[in-house]
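Below is one structure, written out as structure tokens; the observations come after it.
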Amino acid sequence: MKKFVTITALIVCMVFAAVGCASAPAEESSAAPSESAEASTETSASAESSGEALSGTVSMSGSTSMEQIANALKEAFMAENPDVTIDVQLGGSSVGLQDAESGKSDIGNASREMKEEEAAVLDGHTIAIDGIAVIVHPSNTVSEITSEDLVKVYTGEITNWSELGGEDQPIVVIGREASSGTRGAFEELLAIEDQCKYAQELNETGAVKTAVSSTPGAIGYVSLEALDDTVTALKVDGAEPTEEAIKAGDYALSRPFIMATKKGEELRPEVQAFLDFAMGEEGQAIVADNSLITIS
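So this is what it looks like as structure tokens:
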């Protein structure tokens, strides 16, 4: 009987030993997939990390009025992405949109609304809104003007304030020099390019403001950010020159700053990243710093 018990005990021990030996490889085998998954995760993370490093060239062309903001955004973006080069060329809004459509440029800059035929082939990305105030001397009794009469004033058809309900006083037409972006925008919005008859053409916003504030019969134009109590801003078509009126579309002397890309084409990562930057929080801070109205 003792012998039987001893043999039985030996058999039981052998069975447990066999089970133990069989389970050991299984544990090693189950550890292998876990290590493989970790390696895969590390590879994936590495790939994502490398994908974040942008490189390449982004080409822009178009509006001269957008030169300042385009270059400001360019410099800030390139500082954060040193392997990306952004090239800014001028030539006018129409040229920029044509370049974007043809593929000559990645982005076409336009300081006006796109025409129907342009919008059919291009996607417009508005990055900012620009506004221009029409200013007069504080003593002027005229408080508002229509776009039509403003055209007549600047083209020399209306020459006296009495024709606009004011005092019998000659109108002194003041503007910026020919190369000014503000002048270009003002004339473009009123469709009076190369038709204006200026009494004075000044090369600084401050100079225009000073001239108007010291000349009772003067009229001029400045960016909204330049307004102060030394001059009076006229309503245009019944709307005050304010950020709220511009955003609502009520103020005539405003226009979008658009970066257009070819419709239906997937943008390269560096191009998409630049547009996202321009319309994002950091880009919009740069827009505000350049005396433009943000899109948000």
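Numbered per mature numbering (1 follows the signal peptide of the UniProt record, and there is no 0), the sequence shown spans residues -24 to -1, 1 to 272. Even for Gly, the Cβ is constructed at its ideal location relative to N, Cα and C.
May I ask which residues mark the beginning and end of the beta strand (DSSP E) holding Ala154? Per DSSP, Ala154 belongs to no beta strand (DSSP E) and is neither H nor E.
Please say whether Ser69 and Ala55 have beta carbons closer to each other than 9 Å? It is not a contact, given that the beta carbons lie outside the stated cut-off.
Rounded to the nearest angstrom, what separates Asp213 and Ala76 at their Cα positions? Taking C-alpha positions only, Asp213 is separated from Ala76 by approximately 34 Å.
Secondary structure of Arg244, DSSP reduced to three states: Three-state DSSP puts Arg244 in coil, outside helix and strand.
Straight-line gap, residue 347 to Ser138 (C-alpha atoms, nearest Å): No information on residue 347 is available, as it lies outside the stretch -24 to 272 that the chain covers here.
State the CB to CB distance for the pair Ala236 and Leu73, rounded to an integer number of angstroms; the pair is presumed to be in contact (CB under 8 Å). Right, the Cβ-Cβ distance comes to about 6 Å (below 8 Å), so this counts as a contact.
Burial state of Lys173, where buried means 16 or more other Cβ atoms lie within 10 Å: Here Lys173 is exposed: its Cβ has fewer than 16 other Cβ atoms, across all protein chains shown, within 10 Å.
Quick check: the Cα distance between Val247 and Pro58, rounded to an integer number of angstroms? Between Val247 and Pro58, the C-alpha separation is close to 14 Å.
Report yes if the CB atom of Ser189 is closer than 9 Å to the CB atom of Ile108, and no otherwise. Taking 9 Å as the Cβ cut-off, Ser189 and Ile108 do not qualify as a contacting pair.
Considering only residues of the region 40 to 116, which uninterrupted alpha helix (DSSP H) runs meet the minimum length of 4 residues and lie entirely inside it, listed in chain order? Those alpha helix (DSSP H) runs which fall completely within the region 40 to 116 and span 4+ residues are 43 to 56, 69 to 78, 92 to 95.
Select from Gln260, Gln176, Pro217, Leu210 the residue whose C-alpha is nearest the C-alpha of Asp125. Considering only Gln260, Gln176, Pro217, Leu210, the residue with the shortest C-alpha distance to Asp125 is Leu210.
For chain D, find out if any of its Cβ atoms is closer than 9 Å to the Cβ of Ile150; answer yes or no. Judged by its chain identifiers, the structure shown contains no chain D, having just a single protein chain.
List in chain order: all unbroken beta strand (DSSP E) runs of 3+ residues lying wholly within the region 178 to 219. Complete beta strand (DSSP E) runs here, min 3: 194 to 199.
Three-state class that DSSP yields for Ser35 in the structure shown: Assigned with DSSP and collapsed to three states, Ser35 falls in strand.
Which residue marks the beginning of the alpha helix (DSSP H) containing Ser123, and which one marks its end? First-last of the alpha helix (DSSP H) with Ser123: 123 to 130.
Could you check how far apart the C-beta atoms of Ile111 and Tyr197 are, in whole angstroms? I think they sit under 8 Å. Sure, about 7 Å apart at Cβ, within 8 Å.
Do Ile150 and Val184 have their C-beta atoms within less than 9 Å of each other? Taking 9 Å as the Cβ cut-off, Ile150 and Val184 qualify as a contacting pair.
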